[in-house]
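Worksheet: one structure, shown below.
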Amino acid sequence: MRSRKFIRMDHLKSGATVSCGCIGMLNSSIAKTTHGMSNTRVFKIWLGMIDRCRNDRTGNYGKRGITVCPRWLDSFDNFYADMGEPPSLLHSIDRKDVNGNYEPGNCRWATRIIQARNTRRNTILEFQGENKTIAEWAEFTGIKPSTICVRLYNLGWSIEKTLTLPAQQRLGNKPWTILGLSRTTYYRKRKEGVM
Numbered sequence: 019m020r021s022r023k024f025i026r027m028d029h030l031k032s033g034a035t036v037s038c039g040c041i042g043m044l045n046s047s048i049a050k051t052t053h054g055m056s057n058t059r060v061f062k063i064w065l066g067m068i069d070r071c072r073n074d075r076t077g078n079y080g081k082r083g084i085t086v087c088p089r090w091l092d093s094f095d096n097f098y099a100d101m102g103e104p105p106s107l108l109h110s111i112d113r114k115d116v117n118g119n120y121e122p123g124n125c126r127w128a129t130r131i132i133q134a135r136n137t138r139r140n141t142i143l144e145f146q147g148e149n150k151t152i153a154e155w156a157e158f159t160g161i162k163p164s165t166i167c168v169r170l171y172n173l174g175w176s177i178e179k180t181l182t183l184p185a186q187q188r189l190g191n192k193p194w195t196i197l198g199l200s201r202t203t204y205y206r207k208r209k210e211g212v213m
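For the sequence shown, the working numbering begins at 19 and goes up steadily by one.
What follows is the structure, given as structure tokens:
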């Protein structure tokens with residue numbers, strides 16, 4: 019006869035209890051697998067990836083239907099064959115499509131900066147055929163991210179005006195530049211249809 023486990027309803031609703039104990043036993047058996055890499059960083063990343071999808075207490079993965087592909091879920095060796103070692107200690111697993119699953123075509127090793135720019139919270143602006151986050155446009159144009167946001171959301175400027183009109187310079191007498199070009203060159207190229 020199978021044993022019973024009594025679970026509080028509020029623990030089920032909150033996610034504090036996610037199984038009858040079978041997930042813990044499965045994770046324990048996975049950790050004891052003899053591939054010789056149980057104590058490595060890449061193995062711990064693999065376990066964390068599976069745990070995020072199976073034991074989602076935050077709702078970030080389960081409610082959105084994000085899963086680990088069967089090839090990786092069932093085999094660390096397959097995951098390791100597809101992903102290899104992270105390039106450095108600064109890299110961890112990242113999904114290119116934040117709404118996609120953990121699978122070979124959608125995963126990469128990325129730094130925290132790249133991962134921070136690859137979230138659903140970021141605003142992507144398209145300008146001159148390029149899609150970049152506000153932070154990336156700020157780096158490219160030299161205009162502060164806060165200035166870009168004020169121009170777009172408070173002043174209602176177009177993306178072109180926001181990204182091409184230089185911010186007021188408070189120190190020094192450096193000439194204004196637009197996308198790395200002097201204002202004169204930029205507007206001449208625009209008039210000629212080069213940009």
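The beta carbon of each residue, even a glycine, is placed where N, CA and C say it ideally should be.
Annotated as distal: L197 and T180, with beta-carbon spacing of 8 Å or more. Nearest to H109 by C-alpha distance, out of R206, I63 and R201, is I63.
At least 8 Å separates the beta-carbon of A134 from that of T165. In the displayed model, I132 falls within a helix according to three-state DSSP. Contact annotation: I177 and L199 have beta-carbon atoms that are not nearer than 8 Å. Here DSSP, grouped into helix, strand and coil, assigns T151 to strand.
Around the C-beta of K81, fewer than 16 other C-beta atoms lie within 10 Å, and the residue is accordingly described as exposed.
Distance between P105 and F24, taken at the CA atoms: about 45 Å. Annotation for I63: the continuous alpha helix (DSSP H) segment containing it runs R59 to R72. DSSP, read as helix, strand or coil, puts D92 in coil. For R206, the enclosing alpha helix (DSSP H) has its first and last residue at R201 to E210. Here the C-alpha atom of E157 lies approximately 23 Å from the C-alpha atom of V116. Straight-line spacing of the CA atoms in A99 and I131 works out to 26 Å. Using a Cβ distance threshold of 8 Å, I161 and N119 do not count as a contacting pair.
In the DSSP assignment, D28 forms no beta bridge with any residue. DSSP lists V86 as the beta-bridge partner residues of Y120. The alpha-carbon separation between I152 and R139 amounts to approximately 11 Å.
One alpha carbon belongs to E103, the other to N57, and they sit about 14 Å apart.
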